[in-house]
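Chemist:
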Amino acid sequence: MKPKVLITRKLPEEIIKKISEVCTVELWEEEETPIPQEELEEKMINVEGVLCLLTENIDKKLIDGSPKLKVISNMAVGFNNIDIEAAKKKGIIVTNTPNVLTETTADLTFALLMATARRLIEASTYLRNGEWKTWSPLQLAGQDIYNSTLGIIGMGRIGEAIAKRALGFNMNVVYYNRSRKLDIEKSLGVQYKELDDLLKESDFIVVMTPHTPQTTNLISEREFKLMKKSTILINTSRGGIVDEKALYNALVNKEIYAAGLDVFETEPINLNDPLLTLPNLVALPHIGSSSINTRYKMANLAAENLIAGVLGSRPKHVVS
Ligand code: DGY
């Protein structure tokens, strides 16, 4: 008998077909709404594998209530939506989808950095609102990117891909990471800094570290006060690493120049959130890896991880 698996959102037809060849698939068909937690808990009782997204809260209660579960295949590189310890205790494999999204996420991070620095969203809205009456010297003037200093917090694969892009803009790249990356320092000429020094010296700061209990609110009131008034903060990693209340205050009080966020503490962000009233905040709906090719590759990799996990072989990308 084929093992039963749950897929928590619609995926490309070919990928569902590939999984269905070896598994009995239950699919949550709604594209715009995630599966409610109670329904998820109910469905998980009978499955050996789940292919889920970062929108699913795979907590201890759910894991403990899934007696047949062998593998949790997350279609994301980040896995802070999963209680890894609880899974480990039950011998359940957790997998993710690294590598395939590195360049796409670096592209979006750089696009967000540029859009924030040069006020692209504001400028486009200005034009469409009929406010463009003439050319004037400081009209929509922003910050230069070339020759500036970029501080990357978290020098993993995506951090390194961002650094490579920055070098093309003749940026001086510094980084902070739990452990030094001597190979990257050597190959790219980037320089390691202690976190406070990076915060003080950078014109652009990109948050690229995973969200863990240690990185929660890593950037908060104290850190904003260390930054320059012209600094631009970009976060395409996970909400919760940047303290949003502190960010709001820093933007309103002009302690920093602007911010670009692709990720939020709560997603989707509440439309009444005061952050969304600020012209110096560029906000995107968590689209870092969202190119057609990359999302396809992520789904395919998640499918391969799921299939390997339920069939008892070792999946390609096991996080625990
Ligand atoms: C991830 O993979 O963790 C991203 O946030 C979504 O692509």
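The numbers in the working numbering rise by one with no breaks, and the one at position 68 of the sequence shown is 68.
Ideal Cβ placement from N, Cα and C applies to all residues, glycine included.
Would you mind working out which of 47, 301, 203, 260 sits nearest residue 15, comparing C-alpha positions?
Modeler: Stepping through the sequence shown from its first residue, residue 15 is reached at position 15. Per the Cα distances, 301.
Chemist: Could you check if residue 105 belongs to the surroundings of the ligand DGY, using beta carbon to heavy atom distance under 8 Å?
Modeler: Taking the first residue of the sequence shown as 1, we reach residue 105 at position 105. Within the cutoff, so yes.
Chemist: Compare the C-alpha of residue 92 against each of 77, 104, 75, 58 and name the closest.
Modeler: Here residue 92 refers to the residue found at position 92 of the sequence shown. It is 58.
Chemist: Using the C-alpha atoms, what's the distance from residue 228 back to residue 201?
Modeler: Here residue 201 is taken as the residue at index 201 of the sequence shown, counted from 1. Here residue 228 is taken as the residue at index 228 of the sequence shown, counted from 1. Each residue's Cα considered, the two are about 7 Å apart.
Chemist: Which partner residues does residue 200 have in the DSSP bridge list?
Modeler: Translated into the one-based positions of the sequence shown, residue 200 becomes position 200. Answer is none; residue 200 lacks a bridge partner.
Chemist: Between the C-alpha atoms of residue 260 and residue 94, what's the straight-line distance to the nearest angstrom?
Modeler: Within the sequence shown, residue 260 is the residue found at index 260, counting from 1. Within the sequence shown, residue 94 is the residue found at index 94, counting from 1. For residue 260 and residue 94, the distance between alpha carbons rounds to 31 Å.
Chemist: Between 310, 289, 282, which has its C-alpha nearest residue 78's C-alpha?
Modeler: Within the sequence shown, the letter at position 78 stands for residue 78. Checked all of 310, 289, 282; the closest Cα to residue 78 is 289.
Chemist: Quick one: is the Cβ of residue 238 within less than 8 Å of any heavy atom of the ligand DGY?
Modeler: Position 238 of the sequence shown holds residue 238. Yes, since a heavy atom of the ligand DGY falls inside the 8 Å radius drawn around the Cβ of residue 238.
Chemist: Taking the alpha helix (DSSP H) that residue 319 falls in, what are its first and last residues?
Modeler: The residue given as residue 319 occupies position 319 in the sequence shown. Premise fails: residue 319 is in no alpha helix (DSSP H) and is neither H nor E.
Chemist: Can we count residue 286 as close to the ligand DGY, meaning its CB is less than 8 Å from some heavy atom?
Modeler: Numbered from 1 along the sequence shown, position 286 holds the residue referred to as residue 286. Yes.
Chemist: Starting from residue 254, trace the alpha helix (DSSP H) both ways and give me its first and last residue.
Modeler: Numbered from 1 along the sequence shown, position 254 holds the residue referred to as residue 254. Here residue 254 belongs to no alpha helix (DSSP H), and DSSP marks it neither H nor E.
Chemist: Run through DSSP, which three-state label would residue 68 get?
Modeler: For the purposes of this step, residue 68 is taken as the residue at position 68 of the sequence shown. Three-state DSSP puts residue 68 in coil, outside helix and strand.
Chemist: Please find out if some non-hydrogen atom of the ligand DGY comes closer than 8 Å to the beta-carbon of residue 78.
Modeler: In the sequence shown, counting from the first residue as 1, residue 78 sits at position 78. Yes.
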